[in-house]
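Below: the structure, in C-alpha cells.
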Amino acid sequence: MKRRLAILGSTGSIGTQALEVVKQHPDKLDIEVLTAHSNAPLLIRQAMEFMPNAVVIGKESMYERVFEALDPYDIKVFHGSDSIEQVVEMDTVDMVLVALVGWSGLKPTLRAINAGKPIALANKETLVVAGELVTKLAREKGVNIYPVDSEHSAVFQCLAGEFHNPVEKIILTASGGPFRGMKHDELVKVTREQALKHPNWNMGCKVTIDSATLMNKGLEVIEAKWLFNLQMNQIEVVVHPQSIIHSMVQFADGSIKAQMGLPDMRLPIQYALTYPQRLPSQFPKFSFDQCLQFTFEKPDKENFRCLSLAYEAMRLGGNMPCIMNAADEVAVHAFLREEITFLQIPELIEQCMANAGFVGNPTLNDYESTDNEARAFATELLRKF
Ligand code: NDP
Ligand code: MG
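Read in order, the letters of the sequence shown are residues 5 to 389 in this note's numbering.
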C-alpha cells in the first residue's frame with residue numbers, strides 16, 4: 005500500500021526535498037495534496053508532475069493563475085489559509101508533512117491531528133508556540149508526530165528499540181552557524197548576505213537566519229522538550245561544526261547513542277515519511293574519507309543571546325515561547341529587509357518578552373491573541389530602533 009501524502013509548503017526547501025524523496029520511492033509514496041503560499045509557477049509545475057488530488061495556493065491573488073494552468077487536469081484547486089486547514093482532513097490523506105514556516109504551521113497541524121492523521125513535522129515553531137496543546141491533542145487522538153528536523157530525527161532514531169529505557173539526557177548538536185567564534189565587535193558588523201550563507205546546510209531564509217543567531221537551536225530545545233517529554237535540565241546543546249553527528253541520547257547507564265550522516269535533509273525527511281522502514285537511498289552518503297576530525301565546543305551564549313532567551317522562555321512556560329517566536333519572526337524579517345542589525349534581533353526579542361502580557365495556561369485563542377499582540381508590539385518597537 006502506498007502512503008498518500010499532503011505536503012504543506014511543497015514549494016519551500018523542505019517541501020521540494022520531500023518531493024525528491026517521493027520521486028525515489030514511487031511504489032511507497034504518493035502525493036495527494038500540495039500547498040504553497042505565493043510561488044504559483046512552482047506549485048503548478050509540481051502539480052503537473054505529481055498529479056495530486058488537490059492543491060492550495062495561500063495567496064488569493066495567485067488563484068486564477070493556478071486554476072487556469074491546472075484546468076485541463078483532474079486536480080482540485082483551492083486558495084487561502086482556511087483551505088490549507090481543510091485539505092488535511094481529506095479521507096485520502098494518510099500522512100501530513102508540515103513544512104510551513106513560522107506560526108502558519110500551527111492551525112493546520114492541529115486540524116490534521118484532530119482528523120487523526122499522522123504528522124511528519126518540520127515546522128518546529130508549531131511546538132515552540134503551543135507544544136503542550138499540540139502534544140496533548142496528539143495523545144488524546146492517538147496520533148504520532150514524526151520529527152523531520154534533523155536533530156530530533158537523530159534523537160528519534162537513537163530511541164528506536166529503547167522504549168522501556170529512561171532517557172537521562174539528550175544532546176542536540178549545533179553547527180554554530182556562519183558566525184561561530186565571532187565576538188560582539190565583529191557581530192555588530194555582519195551583513196544579511198553573510199548571515200544567509202550557512203556553512204553546512206542549504207535552507208529557507210527564516211531558519212538560516214535563526215541558525216546564525218542560534219535561535220534555531222533555542223527553538224529546537226523547546227521542540228525537543230515537547231516531542232520527547234523532557235525536563236529543561238535534560239536537554240543540552242553542543243557545537244559540532246562538521247554537522248555529521250545530528251544529535252545524541254544518553255541513557256541511565258551512561259551510554260551515549262549518536263546518529264550520523266551527511267547534512268542532507270532528505271535523510272530525516274525520508275525516515276519520517278517511511279517510518280518504521282529504512283528504505284534504500286540514492287542520495288550521497290557519509291564516508292570517513294570526507295571528514296577526518298569531529299570537534300565539539302560549548303555554545304557561546306554570551307555573544308549569541310538568542311539561545312539563552314529560548315531557555316528563559318521555556319523556563320517561564322505559558323505563552324512566553326509564543327511571544328518569543330512572534331518577536332523572532334518579526335525581527336528576522338526586519339533583518340532580511342535590512343531594517344535592523346544582526347545584534348538587534350535578540351534585543352528586540354528580549355524587549356518583547358519583558359513587556360508582553362503573561363498567560364500561564366493558554367488556550368488556542370490565547371495563543372492567537374498573544375501572537376497578534378507580540379507581533380504588533382515588536383513592529384512598534386522596530387520604529388524606535
Ligand atoms: P521555506 O521558507 O523554504 O518554505 C516555506 C514553505 O511554506 C513554502 O512552501 C511557502 O510557500 C510556504 N509558506 C510560507 N509562508 C506561508 C504562510 N503564511 N501560509 C502558508 N504557507 C506559507 O522554509 P523551509 O522549508 O526552510 O522550512 C520549513 C520549516 O521546516 C520551518 O519551520 C523550518 O524551521 C523547518 N526546518 C527546515 C529545515 C531546512 O533544511 N530547510 C531544516 C529543519 C527544519 P511559497 O514558497 O509559495 O512562499
Ligand atoms: Mg535542525
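C-beta atoms are modelled at their ideal positions from N, C-alpha and C, and glycine is treated no differently.
{"Asked": "Sequence-ordered residues whose beta carbon comes within less than 6 Å of a heavy atom of ligand 2", "Found": "D153, S154, E155, E224"}
{"Asked": "Of the residues A317, K187, F82, I226, the one placed nearest E64, counting alpha carbons only", "Found": "F82"}
{"Asked": "Three CB pairs or more closer than 8 Å across the segment 258 to 271 and the segment 145 to 165", "Found": "yes"}
{"Asked": "Own chain partners of P303 with C-beta closer than 8 Å, once the 5 adjacent residues on each side are dropped", "Found": "A178, G180, L218, K221, V241, V242, V243, L311"}
{"Asked": "F71: first and last residue of the uninterrupted beta strand (DSSP E) it sits in", "Found": "No beta strand (DSSP E) contains F71, which is instead part of the alpha helix (DSSP H) from 67 to 74."}
{"Asked": "Buried versus exposed call for T130 [16 or more other C-beta atoms within 10 Å across all chains shown]", "Found": "buried"}
{"Asked": "Selected residue, minimal CA-CA separation from S87, among I239, V37, L33, H29", "Found": "V37"}
{"Asked": "Contacts around M52, its chain only, beta-carbon distance under 6 Å, and the 5 residues preceding and following it disregarded", "Found": "none"}
{"Asked": "Validate contact between the segment 111 to 119 and the segment 87 to 96 using beta carbons, cut 8 Å, 3 pairs", "Found": "yes"}
{"Asked": "Cα-Cα separation, T212 to L223", "Found": "13 Å"}
{"Asked": "A178 Cβ short of 8 Å to ligand 1 heavy atom set", "Found": "no"}
{"Asked": "Sequence-distant residues of its chain with Cβ nearer than 6 Å to W230 (five each side left out)", "Found": "L131, G135, T139"}
{"Asked": "K27: first and last residue of the uninterrupted beta strand (DSSP E) it sits in", "Found": "Note, K27: premise wrong, no beta strand (DSSP E); alpha helix (DSSP H) at 17 to 28."}
{"Asked": "Beta-carbon proximity check, G62 vs S85, cutoff 9 Å", "Found": "yes"}
{"Asked": "Under 9 Å between C-beta atoms of S14 and A103", "Found": "yes"}
{"Asked": "Beta-carbon gap between L385 and P350 smaller than 9 Å", "Found": "no"}
{"Asked": "The segment 279 to 299 touching the segment 198 to 212, judged by at least three CB pairs closer than 8 Å", "Found": "no"}
{"Asked": "When F71, I344, T374 are compared against K193, the one with the closest alpha-carbon", "Found": "I344"}
{"Asked": "Inter-residue Cα distance where the pair is R341 and M66", "Found": "23 Å"}
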